[in-house]
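All remarks here apply to the structure that follows.
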Amino acid sequence: DPRVSQPYVARSYLAPERDSGAQREAAALTLLAALLGNGQTSVLNEALQFEQSIAVQVGAWYSGMSLDDASLDFVVVPAPGVTLAEAEAALGEVLTGFLETGPDPEHLERIKSQLRAQEIYERDDVTALAQRYGRALTQGLTVADVQAWPDILQEITDEEIMDAARNVLDRERSVTGYLMALEVTQ
Numbered sequence: 001d002p003r004v005s006q007p008y009v010a011r012s013y014l015a016p017e018r019d020s021g022a023q024r025e026a027a028a029l030t031l032l033a034a035l036l037g038n039g040q041t042s043v044l045n046e047a048l049q050f051e052q053s054i055a056v057q058v059g060a061w062y063s064g065m066s067l068d069d070a071s072l073d074f075v076v077v078p079a080p081g082v083t084l085a086e087a088e089a090a091l092g093e094v095l096t097g098f099l100e101t102g103p104d105p106e107h108l109e110r111i112k113s114q115l116r117a118q119e120i121y122e123r124d125d126v127t128a129l130a131q132r133y134g135r136a137l138t139q140g141l142t143v144a145d146v147q148a149w150p151d152i153l154q155e156i157t158d159e160e161i162m163d164a165a166r167n168v169l170d171r172e173r174s175v176t177g178y179l180m181a182l183e184v185t186q
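FYI, the numbering for the sequence shown is 1 to 186, going by my numbering.
This is the structure we're talking about:
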């Protein structure tokens with residue numbers, strides 16, 4: 001695409017959605033995405049930006065708000081001189097390493113604290129509150145599910161996160177794409 005100014009690698013893994021009465025795996029995936037790719041201290045940021053200088057930007061996200069299966073998504077914007085294939089390989093290596101080592105307990109606690117603070121601040125935002133309940137109800141969740149969600153996030157253990165990671169981070173259940181500019185040939 002000629003509009004592409006910065007190429008990147010995107011990978012999506014098929015993941016379970018958040019189900020009414022059974023939200024623990026979705027909560028574990030929410031925390032997994034935060035551990036791996038949200039913020040400057042995330043696993044991917046630390047490895048690919050700061051330690052290896054392979055990427056200028058990385059991210060991970062999961063939204064279980066879906067009637068069907070959801071996805072756990074990653075993006076890596078390579079640093080100048082790094083190919084998309086090298087960025088993809090580095091992403092795979094970091095994910096494999098995480099599956100071997102698991103989350104840092106202090107990092108997990110920081111993320112849980114941030115999520116708790118975010119939830120408390122959202123209580124003061126009538127629009128955000130209405131959207132949270134409205135989205136949940138249209139996805140088949142109940143008022144009780146929405147009210148239980150913050151506590152479930154806080155209760156999730158590193159073992160549950162690792163179980164969810166092992167279940168979802170399967171290359172056979174993923175798709176990887178490269179967004180790049182057209183190559184000029186003459």
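Ideal placement from N, C-alpha and C gives every residue a C-beta, glycine not left out.
Values in this document were obtained by computation on a predicted structure and should not be read as measured data.
According to the DSSP assignment, Ser113 belongs to the alpha helix (DSSP H) that extends over 105-122. If the five residues before and after Leu169 are omitted, its C-beta is found closer than 7 Å to the C-beta atoms of Tyr13, Leu95, Leu99, all from its own chain and listed in chain order. Rounded to the nearest whole angstrom, the CA to CA distance from Arg171 to Gln139 is 28 Å.
Taking 8 Å as the cut-off, the Cβ atoms of Val82 and Ile54 count as close. Annotation: Leu72 to Ala79 spans about 23 Å, alpha carbon to alpha carbon. As computed with DSSP, Arg3 is found in no beta bridge at all. Between His107 and Thr41, the C-beta spacing is below 8 Å. In this structure, Leu84 sits away from Ala165, with a CB-CB distance that is not shorter than 8 Å. Take Trp61, set aside five residues on each side of it, and the residues of its chain with a beta-carbon closer than 6 Å to its own are Ala33, Asp73, in chain order. At the C-beta level, Val75 and Tyr8 come within 8 Å of one another.
Bridge pairing for Pro78: Ala55 [DSSP]. In this structure, Ala27 places its C-beta atom within 8 Å of the C-beta atom of Leu153.
Ala87 is the residue among Asp124, Gln147, Arg110, Ala87 whose C-alpha sits nearest the C-alpha of Ala47. The distance from the Cβ of Arg24 to that of Thr176 is about 28 Å, inconsistent with a contact at the 8 Å cut-off.
Secondary structure of Leu141 (DSSP, three-state): coil. With contacts defined by Cβ atoms closer than 8 Å, Val43 and Val77 do not form a contacting pair.
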